[in-house]
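One structure is given here, and the rest of the page talks about it.
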Amino acid sequence: MLTEYILIIFSILIFLTIAISFIRKKYNSHSMYKLTNLLIYFLELFLAGTLLNLLFDANTFQTSKSGFLIFKDYVYANSIYSIIITMVIKFWDGTTIDSINSLQKQVKDFLLLLELRDTGSIRNKFQSFKNHYRFHYRIGSLDNFTLNEVNEVTIAIQNFLDNEIREKDLILFLKNKQILLEDERNIVNFGWQSSLFLRMLKN
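Mapping the sequence shown onto the numbering used here, position 127 (from 1) lands on 126, and the numbers just tick up by one.
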């Protein structure tokens, strides 16, 4: 009997999520957008709570248990799930933020050397830059975004050293790159931290 109730609740959440998502798209409603996200989050918690309860205590759904005890089991299970998901996402995002911070530092160093107009130091720095990211590429520590930005910076600086672009063009490029990197860091930093479903949908 309890299994039937679980399936009914799950079906209702799925139906409401799809229905409200359709209404949101049709009428371009921001309130419906928030409600859709809330329902997706509830659906995730319900699924996680059900799976964790089945995994750790199959007796959770015995008909002899009161509704309050079942609710308490769900609260405990979802608390564990939320802690685990938040920790994993923060760790995952932390490596990306570290990569972005490192590249930001490299870009600032190049801008400083360009202000000093020290071409020799720029060449030395560029060689160190390539060696640094060649190593990190080999060990797989770069995410796709950072790898793409590193490649663009590498091409731009190489073009400058080959006299294919002017100094002021490289400075403008690097300053724009600073803004882009800062924006990306903020996006990662303030992304969904406690919902795996919403995070996957946003990405």
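Ideal Cβ placement from N, Cα and C applies to all residues, glycine included.
{"Query": "Reference Leu102, options Lys71, Arg165 and Leu180, closest by Cα", "Result": "Leu180"}
{"Query": "In chain order, each alpha helix (DSSP H) run of at least 4 residues that lies wholly inside the segment 117 to 197", "Result": "118 to 137, 143 to 160 and 166 to 188"}
{"Query": "Collapsed DSSP secondary structure at Leu77 in the structure displayed", "Result": "A small correction: the amino acid at residue 77 is Asn; Leu does not occupy that position in the sequence shown. Three-state result, Asn77: helix."}
{"Query": "Continuous alpha helix (DSSP H) stretch holding Asn52: start and end", "Result": "His29 to Phe55"}
{"Query": "Option nearest Ile186 by Cα separation, candidates Thr35, Phe134, Ile96 and Ile121", "Result": "Ile96"}
{"Query": "Contact belief for Tyr26 with Ala47 at Cβ below 8 Å, rounded distance in angstroms", "Result": "Tyr26 to Ala47, Cβ: 31 Å. No contact."}
{"Query": "C-alpha gap between Phe9 and Leu111, whole angstroms", "Result": "58 Å"}
{"Query": "8 Å Cβ cutoff met for Leu169 and Leu113", "Result": "yes"}
{"Query": "Nearest residue (CA-CA) to Ser193, options Asp161, Gln157 and Asp92", "Result": "Asp92"}
{"Query": "Nearest-angstrom Cβ-Cβ length linking Arg149 and Tyr132, presumed shorter than 8 Å", "Result": "Residue identity differs from the one stated: residue 149 is Val in this sequence, not Arg. Val149 to Tyr132, Cβ: 5 Å. Contact."}
{"Query": "Contacting residues, own chain, Cβ-Cβ under 6 Å from Thr35 (five flanking each side not counted)", "Result": "Ile19, Ser20 and Arg23"}
{"Query": "Neighbour-count burial assignment, Val209, 16 or more Cβ in a 10 Å radius", "Result": "Outside the shown range of the chain (0 to 202) lies residue 209, about which nothing can therefore be said."}
{"Query": "Pick from Ile7, Leu42 and Phe90 that is closest to Asn77, judged by C-alpha positions", "Result": "Leu42"}
{"Query": "Distance, Tyr75 Cα to Thr49 Cα", "Result": "11 Å"}
{"Query": "Candidates Ile13, Leu68 and Thr145: closest to Asn52 by CA position", "Result": "Leu68"}
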